[in-house]
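The next block holds one structure in the form of structure tokens; read it before the comments.
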Amino acid sequence: MKWRCKVCDYIHEGDQPPEVCPVCGVGPEEFEKVE
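Numbering (the working numbering), first residue to last: 419 to 453.
Here you go:
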């Protein structure tokens, strides 16, 4: 599963979005699931 940061477009791979975006620092609420 992939998650995209809506702020900076960072892509995270995992079952859940990250606690903090490693690029821009926003929380998991700013991530959306990518198909």
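Glycine included, each C-beta is placed from N, C-alpha and C at the ideal position.
Small disclaimer: the values here were computed from a predicted structure and weren't measured.
Supposed close pair residue i, residue j - CB separation, criterion 8 Å
i: E453; j: C423; result: Rounded, the Cβ-Cβ distance is 16 Å, inconsistent with contact.
Best match in the options for proximity to residue i [C-alpha to C-alpha]
i: E431; options: V425, V438, P446 and M419; result: M419
Contacts around residue i, its chain only, beta-carbon distance under 6 Å, and the 5 residues preceding and following it disregarded
i: P440; result: none
i: Y428; result: C439 and V441
Residue i - DSSP class collapsed to helix/strand/coil
i: E431; result: strand
i: E450; result: strand
i: C423; result: strand
Contact set for residue i: own chain, Cβ-Cβ below 8 Å, skip 5 residues either direction
i: E450; result: W421, R422 and K424
Whether residue i touches residue j by CB criterion (8 Å)
i: G443; j: E437; result: no
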